[in-house]
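A.B. asks: Chains as they are written, first to last, in UniProt numbering: chain E, 1 to 272; chain W, 1 to 303.
From the three backbone atoms N, C-alpha and C, an ideal C-beta is built for every residue, glycine too.
Computed from a predicted structure; not experimentally measured.
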Amino acid sequence: MAGTWGRLNIAALVLGFAFLYLPIVLLVIYSFNESRLVTVWAGFSTKWYAALFSNRGLMDAAWVTARVAFLSATVATVLGTMAAVTLTRYARFRGRVLFSGMVFAPLVMPEVITGLSLLLLFVAINFDRGFATVTIAHITFSMCFVAVVVQSRLISFDEALEEAALDLGATPVGAFFQVTLPVILPAVVSGWMLAFTLSLDDLVIASFTSGPGATTLPMKIYSQVRLGVTPEINAACTLLIGVVTVGVIAASLVTKTREVQRRRDEQLAERG
Amino acid sequence: MNRALSAVFRRLVIAVPYAWLLVFFLVPFFIVFKISLSQTAIAMPPYVPTFGLEEGWSGFVEALGELSFENYLWLFGDPLYVNAYLSSVWIAGVSTILTLAVGYPIAYGMARAPSGVRPLLLMLVILPFWTSFLIRVYAWIGILKPEGLLNQFLFFLGVIDQPLVILNTTTAVYIGIVYSYLPFMVLPLYATLEKMDYSLIEAAGDLGCPPLTAFWKITFPLSLPGVVAGCMLVFIPAVGEFVIPDLLGGSRTLMIGKTLWNEFFSNRDWPVSSAVAVILLLLLIVPIVLFQRAQARTQEQGR
Chain E
1 MAGTWGRLNI AALVLGFAFL YLPIVLLVIY SFNESRLVTV WAGFSTKWYA
51 ALFSNRGLMD AAWVTARVAF LSATVATVLG TMAAVTLTRY ARFRGRVLFS
101 GMVFAPLVMP EVITGLSLLL LFVAINFDRG FATVTIAHIT FSMCFVAVVV
151 QSRLISFDEA LEEAALDLGA TPVGAFFQVT LPVILPAVVS GWMLAFTLSL
201 DDLVIASFTS GPGATTLPMK IYSQVRLGVT PEINAACTLL IGVVTVGVIA
251 ASLVTKTREV QRRRDEQLAE RG
Chain W
1 MNRALSAVFR RLVIAVPYAW LLVFFLVPFF IVFKISLSQT AIAMPPYVPT
51 FGLEEGWSGF VEALGELSFE NYLWLFGDPL YVNAYLSSVW IAGVSTILTL
101 AVGYPIAYGM ARAPSGVRPL LLMLVILPFW TSFLIRVYAW IGILKPEGLL
151 NQFLFFLGVI DQPLVILNTT TAVYIGIVYS YLPFMVLPLY ATLEKMDYSL
201 IEAAGDLGCP PLTAFWKITF PLSLPGVVAG CMLVFIPAVG EFVIPDLLGG
251 SRTLMIGKTL WNEFFSNRDW PVSSAVAVIL LLLLIVPIVL FQRAQARTQE
301 QGR
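1) Name the one or two DSSP bridge partners that residue 46/E has.
2) Name the chain W residues whose beta carbon is nearer than 9 angstroms to that of residue 79/E?
3) Taking the straight line between their C-alpha atoms, what separation do you get for residue 28/W and residue 137/E?
4) Applying the 10 Å Cβ sphere with the 16-neighbour rule, what's the burial state of residue 242/E?
5) Count the other CB atoms, across all protein chains shown, that sit within 10 Å of the CB of residue 200/E; report buried if there are 16 or more and exposed otherwise.
6) Which residues bound the alpha helix (DSSP H) around residue 41/E?
7) For the segment 44-70 of chain E, list every residue whose C-beta sits within 7 angstroms of some C-beta in chain W, in sequence order.
8) Roughly how many angstroms separate the alpha carbons of residue 75/E and residue 34/E, rounded to a whole number?
9) Which ranges does the alpha helix (DSSP H) cover as unbroken runs of at least 4 residues, wholly within the segment 108-175 of chain E, from first to last along the chain?
10) Would residue 275/E be called buried (16 or more neighbouring beta carbons within 10 Å of its own) or exposed?
11) Which residues mark the beginning and the end of the alpha helix (DSSP H) in which residue 263/E is found?
12) Roughly how many angstroms separate the alpha carbons of residue 31/E and residue 21/E, rounded to a whole number?
13) Taking only beta-carbon positions, decide if residue 121/E is within less than 8 angstroms of chain W.
14) Closest to residue 191/E by C-alpha separation, out of 147/E, 233/E and 16/E, would be which residue?
15) Do residue 127/W and residue 209/E have their beta-carbon atoms positioned less than 8 angstroms apart in this structure?
16) Strictly under 8 angstroms for the Cβ-Cβ distance: is residue 159/W near chain A by that measure?
17) Could you say which of 267/E, 230/E, 196/E and 188/E lies nearest to residue 83/E if we only look at CA atoms?
18) How is residue 311/W classed by DSSP in three states: helix, strand or coil?
19) Give me, in chain order, the residues of the same chain whose beta-carbon lies closer than 7 angstroms to that of residue 273/W; leave out the 5 immediate sequence neighbours on both sides.
20) What does residue 111/E reach in chain W if we use C-beta pairs closer than 9 angstroms?
21) Whose C-beta lies closer than 6 angstroms to the C-beta of residue 87/W among residues of the same chain, with five residues either side of it excluded?
22) Take residue 132/W as the anchor and find which of 198/E, 224/E and 214/E has the nearest alpha-carbon.
23) For a contact meaning CB atoms closer than 7 angstroms, what does residue 292/W contact in chain E?
24) Ignore the nearest five residues each way along the sequence and tell me which others in residue 308/W's own chain have a CB closer than 7 angstroms to its CB.
25) Just checking: is the beta-carbon of residue 199/E within a distance shorter than 8 angstroms of some beta-carbon in chain W?
26) Alpha carbon to alpha carbon, how far is residue 59/E from residue 215/E?
27) What are the partner residues of residue 40/W, as DSSP defines its beta bridges?
28) Between which residues of its own chain and residue 38/W is the CB-CB distance below 7 angstroms, once the five residues before and five after are set aside?
29) Confirm, please, whether the CB-CB distance from residue 78/E to residue 134/E is below 8 angstroms.
30) Identify every run of the beta strand (DSSP E) within the segment 114-173 of chain W, keeping only runs that are complete inside it and at least 3 residues long; order them along the chain.
31) Are the CB atoms of residue 350/E and residue 243/W nearer to each other than 8 angstroms?
32) To be precise: take each residue of the segment 128-149 of chain W, compare its Cβ to all Cβ atoms of chain E, and keep it if any distance is under 7 angstroms. Which residues remain?
33) Please look up how many angstroms separate the CB atoms of residue 211/E and residue 130/E, rounded, as I've assumed it's under 8 angstroms.
34) According to DSSP, simplified to helix, strand and coil, what is residue 33/E?
35) If we ignore side chains and look at the alpha-carbon of each, how far apart do residue 12/E and residue 111/W end up?
36) Helix, strand or coil: how does DSSP classify residue 254/W here?
Below you can see the structure in the form of structure tokens.
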């Protein structure tokens with residue numbers, strides 16, 4: 001009986017992962033295709049990568065995207081961590097319900113609504129659209145994702161540790177930075193990475209909030225895809241996938257080593 | 001001293017993100033609502049009235065009088081918009097059920113896998129989520145188009161002699177949504193299934209309950225919180241989806257996110273697109289509140 005269930009489970013996993021990965025794998029394979037046609041294999045070639053690097057428009061857009069993503073992820077991580085602390089620690093203050101609503105709503109809000117509403121705000125206050133407005137927009141939605149990720153870590157954090165630090169004379173700020181932050185750091189780092197990739201990826205909100213001179217890579221890719229499939233885009237996508245994959249694997253290895261180290265320390269402390 | 005500093009720290013930690021979300025999340029919705037009551041104008045910004053400060057209080061009252069619900073009457077009078085709302089909800093609903101059907105076996109398989117393999121499986125589900133949404137949708141164009149890889153493969157197998165037309169149909173939109181939102185479904189399902197006590201199933205088996213009945217009577221009801229959270233996480237953003245219907249759906253695939261985008265970027269009608277957004281938001285308020293409740297409940301359980 002257990003055998004049948006086991007085989008069914010493995011079949012579900014194999015099929016599921018094939019469905020998740022096949023499109024991405026095919027895209028990567030065809031980025032090395034000699035032919036211009038995406039469906040015909042005409043031999044291995046890296047010429048689309050060469051074409052990509054000599055494409056000024058795409059390169060400029062990539063640079064804008066990287067700067068927006070870095071800046072917005074950093075600010076969003078600070079704000080999102082603060083929001084997570086507020087949600088887990090401060091049970092009672094005026095407007096808490098509204099606050100938690102505002103933290104969770106952007107997670108599911110359709111992008112067209114967020115984009116349109118931010119654009120109308122910037123127009124209403126006469127704020128010139130460009131690099132700054134895209135960055136502000138990205139901070140706003142990604143800080144909520146950071147808050148959720150950090151919050152899940154804070155919930156399992158033993159508050160007694162921080163209280164002990166306070167009893168021993170640490171200031172609240174000192175206790176936070178010396179005790180709490182190091183413990184929740186893996187979650188803060190993955191929150192930053194999530195914010196970074198969300199920003200790299202966003203097409204809809206950037207299209208609404210950006211102005212002349214601040215075209216992001218997804219906007220550029222989108223406009224080229226609409227004109228027809230070009231193998232250069234396959235190459236650009238493959239590079240993006242590569243960068244993100246390496247980053248995620250590296251980060252998870254770092255988190256894992258830290259986690260192992262922490263457990264070992266805890267065991268030592270218990271024995272000692 | 002310590003206590004005073006603590007109070008300042010606490011107030012700062014609350015106030016900064018609070019103020020940010022008020023200014024950049026809540027206030028914009030009021031502006032959208034206000035503009036949805038305005039009229040289109042050939043000006044910059046392209047609507048009247050604009051509530052200029054220079055006209056003072058009387059100007060404000062006068063501008064207030066110019067607001068009207070005309071745009072909303074127009075939306076409900078035009079079957080295009082009504083149909084777009086209905087078909088968005090329909091497409092999102094069908095895709096949510098399909099995503100649940102595809103995602104449940106995966107989540108179950110993960111939860112029953114040996115505990116050493118689980119982190120790796122979890123990582124494999126999350127990894128596509130880190131790769132660009134736009135790229136993943138774009139990848140399907142090459143697969144689904146008439147001369148694409150899927151048709152070539154089916155030709156090769158000899159299953160078909162006419163290419164299947166999938167790209168630019170609603171079927172392609174279903175495939176796109178299921179594919180893109182699958183991790184959102186699998187992760188909450190996995191979280192509840194992993195915590196489940198499987199000795200209950202064994203007990204049911206010992207008492208003579210067939211596995212399928214045990215699944216429907218025990219596993220599925222216990223995983224309901226995950227089912228609800230996963231369905232909300234797929235359904236709500238799918239209703240307003242723009243990229244998937246635009247790239248994979250044809251001109252006959254009607255979805256409200258795409259309609260709003262076109263109204264804004266092609267027709268440049270800001271008041272009407274604001275009204276479209278307000279109604280979309282009203283439509284989503286119930287599921288969003290449900291989602292927030294589910295979120296609060298898991299939080300309680302986490303403590």
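C.D. replies: Answer, in terms of the structure:
1) None; residue 46/E has no bridge partner.
2) 16, 17, 20 and 21
3) 11 angstroms
4) exposed
5) buried
6) Premise fails: residue 41/E is in no alpha helix (DSSP H) and is neither H nor E.
7) none
8) 42 angstroms
9) 111-124, 131-155, 159-167 and 172-175
10) The structure shown does not extend to residue 275/E, since chain E spans only 1 to 272, so no value can be given for it.
11) 231-271
12) 16 angstroms
13) yes
14) 147/E
15) no
16) No chain A is present in this structure, whose protein chains are E and W.
17) 188/E
18) Outside the displayed range of chain W (1 to 303) lies residue 311/W, so it cannot be described from this structure.
19) 260, 263 and 264
20) 237, 240, 241, 242, 243 and 257
21) 254
22) 198/E
23) 101 and 104
24) An answer regarding residue 308/W cannot be provided, because it is not within the stretch 1 to 303 covered by chain W.
25) no
26) 11 angstroms
27) 47/W
28) 47, 48, 49, 67 and 271
29) no
30) none
31) This structure gives no information on residue 350/E, because the portion of chain E shown stretches from 1 to 272.
32) 128, 130, 131, 132, 133, 134, 135, 136, 138, 139, 140, 141, 142, 143, 147, 148 and 149
33) 4 angstroms
34) strand
35) 12 angstroms
36) coil
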